[in-house]
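Here this note's numbering is used: position 190 in the sequence shown is 295, and no number is missing along the way.
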Amino acid sequence: MRLTVSRATVLAVSLLLAQVAMAQKIQRVEASPSPAQAGQEVKVTTHFEVSNDVHNCTLQVHFGDGAVQKFHVNQAKDAPLVLTHTYNKPGRYTLKAEGKGLTRCTGENQTADLDVQASKPAVQGASGKSAAPVSPCPAGWSLAKPGVQPKTGAFTCTAKAGTAAPAAALECPGELSYFVNVKKGQLGCRP
Numbered sequence: 106m107r108l109t110v111s112r113a114t115v116l117a118v119s120l121l122l123a124q125v126a127m128a129q130k131i132q133r134v135e136a137s138p139s140p141a142q143a144g145q146e147v148k149v150t151t152h153f154e155v156s157n158d159v160h161n162c163t164l165q166v167h168f169g170d171g172a173v174q175k176f177h178v179n180q181a182k183d184a185p186l187v188l189t190h191t192y193n194k195p196g197r198y199t200l201k202a203e204g205k206g207l208t209r210c211t212g213e214n215q216t217a218d219l220d221v222q223a224s225k226p227a228v229q230g231a232s233g234k235s236a237a238p239v240s241p242c243p244a245g246w247s248l249a250k251p252g253v254q255p256k257t258g259a260f261t262c263t264a265k266a267g268t269a270a271p272a273a274a275l276e277c278p279g280e281l282s283y284f285v286n287v288k289k290g291q292l293g294c295r296p
């Protein structure tokens with residue numbers, strides 16, 4: 106069996122392959138602020154090597170928490186490409202920018218790690234401005250050093266040994282669990 110291919114088909118495939126070969130090259134991906142706070146908007150920037158003779162390309166950005174965004178990069182207005190994303194839980198996330206699709210961006214996939222810390226609670230003062238962070242400990246209990254762990258949100262409160270624990274358990278953020286040890290005068294949230 107002989108396969109026949111028209112010149113038009115060969116030309117179209119050649120042009121398409123040339124476009125892919127001349128697409129923007131992914132240089133790096135980065136996030137700011139870094140570290141970030143849970144619930145805070147993060148700017149994810151993908152940088153490209155761009156020149157006047159390259160074509161637009163398609164890109165996929167993985168945010169590391171299961172969210173993915175596909176984007177058709179127009180080099181005239183999207184280089185560098187800046188996207189925003191909000192992480193709801195503290196943790197370490199790996200961002201990835203990769204060329205995807207028929208007209209994908211060229212170059213190696215680029216990754217960057219982002220640490221997201223537990224959000225710090227703040228109260229509103231009478232002036233409407235944020236006051237100092239509120240202690241997560243109940244009345245009569247003090248926040249033990251080193252305080253609230255930035256990465257996990259874990260903390261321990263201390264009081265005089267034998268001090269009664271509050272009737273209601275503390276509400277722990279994320280995947281932390283409440284603990285209490287009245288004999289040692291400790292309670293808090295831990296992984």
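Ideal Cβ placement from N, Cα and C applies to all residues, glycine included.
For T189, the enclosing beta strand (DSSP E) begins and ends at L186 to T191. For the beta strand (DSSP E) assignment, the uninterrupted runs of no fewer than 3 residues enclosed by the segment 127 to 191 are, from N- to C-terminal side, 130 to 137, 146 to 154, 162 to 167, 173 to 178 and 186 to 191. When DSSP states are grouped into helix, strand and coil, C277 belongs to the coil group.
Using a 10 angstroms sphere on the CB of H177, the tally of other CB atoms stays under 16, which defines it as exposed. Around the beta carbon of T189, fewer than 16 other beta carbons sit within 10 angstroms, so the residue counts as exposed.
For Q215, the enclosing beta strand (DSSP E) starts and ends at Q215 to Q222. T211 is bridged by DSSP to K130. In chain order, Q165 place their CB closer than 6 Å to the CB of K175, counting only its own chain and leaving out the 5 sequence neighbours on each side.
Look at G252 here: in three-state DSSP terms it is coil, with no helix or strand label.
The beta carbon of S224 sits closer than 6 Å to those of Q142, A143 and G144, all from its chain and outside the five residues before and after it, given in chain order.
Here T263 carries a strand assignment [DSSP, helix/strand/coil].
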